[in-house]
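Take the sequence shown: its letters are residues 71 to 591, numbered as in the numbering used here.
First comes the structure, then the notes that go with it.
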Amino acid sequence: MSADMAHPSPEEEIHPGIPFWSLVRLQQLAKSNEPPNSAELTYIRSAASKADARLTLIDDEMSQKRLAQLGTERAQLSDYHSQIIPIISPLRRMPPELLAEIFSWTLPTFGEMHGDNKDMKNSPWILAQVSRRWREISLATPSLWSTIYVAFGDEESVSSPLAMIQTQLERAQKKALRIHFHGSENGQSAAQSDLFGFLLSASLVPHLTQLRCRLPSLRKLWLQWDTEESQVGVDSIECFKTVSSLQEVGLNCGFRFVPVSVPTWNLTSYRVIGPWEMHQDVLPMIPNLLEARIVFTDDDVLPNQSDETIAMLHLQRLYVSNANVLGYLKATSLAELGIGVAGSEPIDGPTLQLDSFLRRSLCTLRGLCLTGLPSASVSAEILKKNPSITNFKLLLEDYDDTAEEQLEDLFNRTMVDHLTMLTIQDSPLLSPQLDTICLALTLPFRIDYPLFVRMLDSRRKNPECALATAAFVGKKSPPPDPVSLADLNALRNQGLDLLLDTSAQADFIMEAWIYHCTWCC
């Protein structure tokens with residue numbers, strides 16, 4: 071073939087005598103997301119195969135004299151190839167229902183919304199900008215738009231502009247809305263009241279009574295006051311008393327407990343910070359409770375035992391801020407338990423209370439999370455006495471207002487003691503049945519990563535140990551050193567399911583361990 075010979079177009083080279091209507095059809099498909107029919111799909115696959123073969127041939131010939139000419143032809147053919155390959159992509163033929171499900175997995179987490187979600191490049195907004203088909207599917211999926219997040223900061227800022235909120239409400243079709251509204255005393259009260267009224271046809275706390283009988287579909291409720299001034303003039307809240315659909319309730323009064331009346335028969339989740347007398351009165355009236363987070367604010371220590379116990383027959387997950395609370399409870403179906411342990415408590419206090427509680431409940435405990443500053447000896451004693459525990463979590467935080475300069479040393483010693491205790495050495499195995507070990511720090515201190523690696527490695531190598539999952543979570547904690555990171559990645563490659571999170575959002579993972587309301591904080 072001479073160098074000056076005219077070359078046919080990519081289409082003619084691949085399929086001589088191709089009908090004009092087919093070329094037009096190819097161009098239509100290439101410029102849209104329309105899926106080809108069966109006949110077209112067969113032809114396009116053949117064309118793509120021939121283009122591949124020709125591309126390979128050109129690559130071989132380009133090493134010869136006609137580099138410039140072949141380079142031009144290759145660029146044209148490559149452009150043609152890149153146009154027709156997307157036409158046969160399975161994504162074009164994916165059912166809308168499946169694509170909508172995939173879209174739902176791109177939505178930001180609550181932690182990401184808690185930062186700043188007004189960027190139009192974030193999901194779900196970006197989905198409606200990719201193509202006509204994606205826009206049609208995203209707009210036809212109300213659940214993608216049903217989470218509305220509003221947070222007021224300083225006097226001039228609000229996380230989500232009104233125009234975006236209005237658009238979301240229209241696209242969500244007001245079905246199963248999840249509204250997160252965070253008011254601020256530093257923001258403009260009129261603007262907050264207007265926006266809250268726009269969302270819920272009501273105003274802020276002083277006007278909550280207007281909500282009575284106006285929230286028939288409310289399923290989740292979280293009320294929180296962060297300053298004393300926000301509770302002025304509020305002695306009780308009664309507007310949710312008739313919300314029979316309520317299933318999850320959470321309450322946190324930072325300075326003064328404000329009673330909130332809610333129907334209890336359908337409640338399955340209870341997360342309340344308040345005086346023990348309130349918990350003692352309310353819990354017996356929740357027969358279907360599945361998950362509870364009981365944090366009491368009394369200054370006085372509770373009695374170690376109670377003659378009358380509160381029976382929670384269906385409770386599966388429980389967190390108590392003080393082990394003495396267990397003396398009041400009986401939970402025959404409990405599988406996961408979290409206990410707050412202050413450093414000033416008697417060393418055998420949590421162990422004795424847990425022993426008594428488990429004998430009374432006759433439940434099979436699978437998961438245990440200890441928070442605060444428990445000693446390694448307490449953790450070891452509990453694990454030895456309860457071989458049914460396969461999931462152990464340790465979340466270090468300070469309950470006793472320890473001086474800041476002492477905290478890091480105290481955290482480090484507590485963590486090192488636990489890592490040493492969990493490391494398999496020559497002594498008898500401690501809880502070889504543990505398949506999950508998770509550790510967390512609520513303050514930005516460094517963990518002893520080499521010792522962490524040694525503990526994991528000792529359990530993975532021992533044939534009697536069941537360790538399959540591990541985690542270290544530390545909010546803004548220093549990351550692992552390069553050697554430890556390489557060792558941890560090696561454990562991952564050997565099959566260990568390992569989570570390392572030292573980001574600012576790590577506290578959302580910790581809160582899930584102790585059944586905090588992660589969708590509201």
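Think of the CB as a built atom: it goes at the ideal place given N, C-alpha and C, for glycine as much as any other residue.
This one's a predicted model, so the numbers in the text were calculated from it and none came from an experiment.
Taking the alpha-carbon positions, what's the residue i to residue j distance?
i	j	result
residue 560	residue 510	21 Å
residue 426	residue 334	28 Å
residue 232	residue 290	24 Å
residue 516	residue 569	16 Å
residue 397	residue 295	30 Å
residue 410	residue 197	43 Å
residue 431	residue 367	25 Å
residue 201	residue 103	7 Å
residue 553	residue 531	19 Å
residue 506	residue 535	11 Å
residue 480	residue 337	39 Å
residue 101	residue 130	31 Å
residue 169	residue 203	10 Å
residue 46	residue 421	With the chain covering only 71 through 591, there is no way to say anything about residue 46.
residue 402	residue 454	21 Å
residue 444	residue 484	8 Å
residue 207	residue 219	23 Å
residue 581	residue 167	33 Å
residue 161	residue 153	15 Å
Starting from the C-beta of residue i, find all residues in its chain whose C-beta is less than 8 Å away, skip the five residues before and the five after it, and write them out in chain order.
i	result
residue 450	491, 500
residue 435	404, 405, 406, 407, 428, 456, 458, 459
residue 132	140, 141, 144
residue 163	105
Give the DSSP bridge partners of residue i, in chain order.
i	result
residue 323	295
residue 361	339, 387
residue 318	290, 339
residue 461	437, 506
residue 571	543
residue 522	The partner list for residue 522 (beta bridge, DSSP) is empty, contrary to what the question assumes.
residue 411	442
residue 206	The partner list for residue 206 (beta bridge, DSSP) is empty, contrary to what the question assumes.
residue 380	399
What distance in whole Å lies between the Cβ atoms of residue j and residue i, which are believed to be in contact at a cut-off of 8 Å?
i	j	result
residue 587	residue 320	4 Å
residue 327	residue 355	Not really, about 18 Å apart at Cβ, beyond 8 Å.
residue 386	residue 404	6 Å
residue 437	residue 459	7 Å
residue 148	residue 176	So it is not a contact: roughly 31 Å between Cβ atoms.
residue 384	residue 407	In fact, because the Cβ distance is near 15 Å, the residues do not count as touching under 8 Å.
residue 118	residue 155	6 Å
residue 114	residue 172	The pair is not a contact, with the Cβ atoms about 24 Å apart (cut-off 8 Å).
residue 585	residue 248	The Cβ separation is near 19 Å, so there is no contact.
residue 579	residue 543	5 Å
residue 540	residue 566	6 Å
Sorted by chain position, which residues of the same chain lie with C-beta nearer than 6 Å to residue i's C-beta, five sequence neighbours on each side aside?
i	result
residue 311	331
residue 446	487, 488, 491
residue 353	380
residue 463	439, 508, 583
residue 339	318, 361
residue 151	121
residue 520	554
residue 308	331
Near residue i, which residues of its chain fall below 7 Å by C-beta distance, leaving aside the five closest residues on each side in sequence?
i	result
residue 287	315
residue 241	209, 212, 215
residue 557	523
residue 545	512, 514, 574, 576, 577
residue 243	212
residue 571	543, 579
How is residue i classed by DSSP in three states: helix, strand or coil?
i	result
residue 154	helix
residue 539	strand
residue 113	helix
residue 467	coil
residue 313	coil
residue 578	helix
residue 219	strand
residue 239	helix
residue 330	strand
residue 196	helix
residue 400	strand
residue 448	helix
residue 248	strand
residue 565	coil
residue 515	coil
residue 308	coil
residue 406	strand
Cβ of residue i versus every heavy atom of the ligand MG: is any distance shorter than 7 Å?
i	result
residue 173	What this structure holds is no ligand at all, so the ligand MG is not there to describe.
Determine, for residue i, whether the minimum Cβ-Cβ distance to residues of chain D falls below 8 Å.
i	result
residue 514	The structure shown contains no chain D; it holds only a single protein chain.
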